[in-house]
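Novice:
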Amino acid sequence: MKKSITAVIAAAILMISLCSCGRKTEHDHYKEIYKRYNDIQNFSATVEMTVQNSQGKSVYTAEQKYKAPDLFEVIFTEPQSVSGSGYVFDGETVLLKSGFGHSEELNAVSALVRSSVSVEDFFEEFYKSEETSVTTEATVSGKQTCFSCFLPGKNKNRFSQSLWINNDTYLPIRLVTYGIDEKPTVTVEFCEFVRNEKK
């Protein structure tokens with residue numbers, strides 16, 4: 404009797420061990436995300452951006468494109484009133500596109516726009532930040548890893564950021580910039596995201 408109970412317990416422990424061996428841990432997900440986003444050469448994305456401030460809330464649809472080392476553009480497609488306009492960041496140069504074929508060079512302050520909407524810039528800030536956190540969250544659509552960090556500077560509308568990544572596809576879900584009052588100021592929902600596309 405004692406031998407059969409011991410055999411059953413040993414079999415149960417073996418089954419649990421074998422079942423858990425194939426599962427990825429939080430650390431495995433973190434390593435995979437780091438590997439995929441540490442050296443992005445290019446990406447393209449379709450996003451929905453929500454900008455909130457004291458005047459209210461505005462929602463835009465936009466196309467994002469990034470090419471290493473430092474070319475990033477955001478071109479709005481909706482609403483119709485801003486379709487074709489956007490920003491092109493190329494190193495130190497920032498161009499504002501009007502949608503009517505005109506472009507105007509802007510000062511460096513406009514670079515804050517880029518760091519509020521770019522996955523590449525988020526990870527750059529995350530790895531430089533002195534205060535970061537990485538958590539795993541279970542949702543109806545599956546598990547997600549959430550990266551959060553505090554941002555340098557004294558901009559009350561850009562105090563911290565969080566990025567959620569899907570643990571199955573390793574694609575970005577949402578990037579949120581928070582103000583000092585912990586309310587979202589810019590939310591970017593990723594509808595499509597293609598990383599390191601061969602051109």
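Per this note's numbering, the sequence shown starts with residue 404, numbered consecutively. Virtual Cβ for every residue (Gly too), placed ideally from N, Cα, C. These numbers were taken from a predicted model, which means no experiment stands behind them.
How about the region 533-551 and the region 475-489: do they share at least three Cβ pairs that are nearer than 8 Å?
Specialist: No, the region 533-551 is not in contact with the region 475-489.
Novice: By how many angstroms is the C-alpha of K438 removed from the C-alpha of R598?
Specialist: Walking along the sequence shown from the start, residue 598 turns up at place 195. Walking along the sequence shown from the start, residue 438 turns up at place 35. Those two C-alpha atoms are separated by around 12 Å.
Novice: Would you tell me roughly how many angstroms separate the C-alpha atoms of M452 and Q467, rounded to the nearest one?
Specialist: One-based indexing of the sequence shown puts residue 452 at position 49. One-based indexing of the sequence shown puts residue 467 at position 64. Distance between the alpha carbons of M452 and Q467 is about 11 Å.
Novice: For the alpha helix (DSSP H) holding S431, just list the boundary residues, first then last.
Specialist: Position 28 of the sequence shown, counted from the start, is the residue given in the question as residue 431. At residue 431 the sequence reads Asp, which differs from the Ser that was named. Here the alpha helix (DSSP H) through D431 covers E429 to Y440.
Novice: Spatial neighbours of D524 within its chain, please: C-beta separation below 7 Å, excluding the five flanking residues on both sides.
Specialist: Working through the sequence shown from its first residue, we reach residue 524 at position 121. Result list for D524: R517 and S518, in chain order.
Novice: Helix, strand or coil for Y530, going by three-state DSSP, please let me know.
Specialist: On the sequence shown, residue 530 is found 127 positions in, with the first residue counted as 1. Here Y530 sits in helix by DSSP.
Novice: Do the CB positions of Y469 and N445 come within less than 8 Å of each other?
Specialist: Taking the sequence shown and counting its residues from 1, one reaches residue 469 at position 66. Taking the sequence shown and counting its residues from 1, one reaches residue 445 at position 42. In contact: Y469 and N445 (Cβ atoms closer than 8 Å).
Novice: If we require 3 or more residues per run, which beta strand (DSSP E) segments fall completely within the region 571-597?
Specialist: The qualifying runs are 575-581.
Novice: Pull the bridge partners of T539 from the DSSP assignment, please.
Specialist: Position 136 of the sequence shown holds residue 539. Partner(s): T548.
Novice: First and last residue of the beta strand (DSSP E) that includes L554?
Specialist: Stepping through the sequence shown from its first residue, residue 554 is reached at position 151. Careful: L554 lies outside any beta strand (DSSP E) and carries neither H nor E.
Novice: Of all the options G459, N456, E429 and A465, which has the alpha carbon lying nearest to the alpha carbon of E592?
Specialist: Within the sequence shown, the letter at position 189 stands for residue 592. Closest by alpha carbon: A465.
Novice: If you follow the beta strand (DSSP E) that I478 is part of, which residue opens it and which one closes it?
Specialist: The sequence position of residue 478 within the sequence shown is 75, counting from 1. Looking at the DSSP string, the run of the beta strand (DSSP E) that includes I478 is L474 to E481.
Novice: With distances taken between CB atoms, is the gap from L499 to E528 smaller than 8 Å?
Specialist: As a first step, residue 499 must be located in the sequence shown, where it is residue number 96. As a first step, residue 528 must be located in the sequence shown, where it is residue number 125. No, they are not a contact pair.
Novice: When you compare the CB positions of V454 and S447, do they come within less than 8 Å of one another, or not?
Specialist: By one-based count along the sequence shown, residue 454 stands at place 51. By one-based count along the sequence shown, residue 447 stands at place 44. It is not a contact, given that the beta carbons lie outside the stated cut-off.
Novice: Would you decide whether T521 is buried or exposed? Buried here means 16 or more other CB atoms lie within 10 Å of its CB.
Specialist: Mapped onto the sequence shown, residue 521 falls at position 118. In the sequence under discussion, the amino acid at residue 521 is Ser, which differs from the Thr named in the question. Label assigned to S521: buried.
Novice: When DSSP builds the beta bridges, which residues end up paired with K460?
Specialist: By 1-based counting over the sequence shown, the position of residue 460 is 57. Paired residue(s): Q455.
Novice: So what does G489 bridge to, in DSSP terms?
Specialist: Residue 489 sits at position 86 when you count from the first residue of the sequence shown. DSSP lists I478 and K500 as partners of G489.
Novice: For K470, write down the residues that DSSP places opposite it in a beta bridge.
Specialist: For this step, residue 470 is matched to residue 67 along the sequence shown. Beta-bridge pairing links K470 to N445 and L474.
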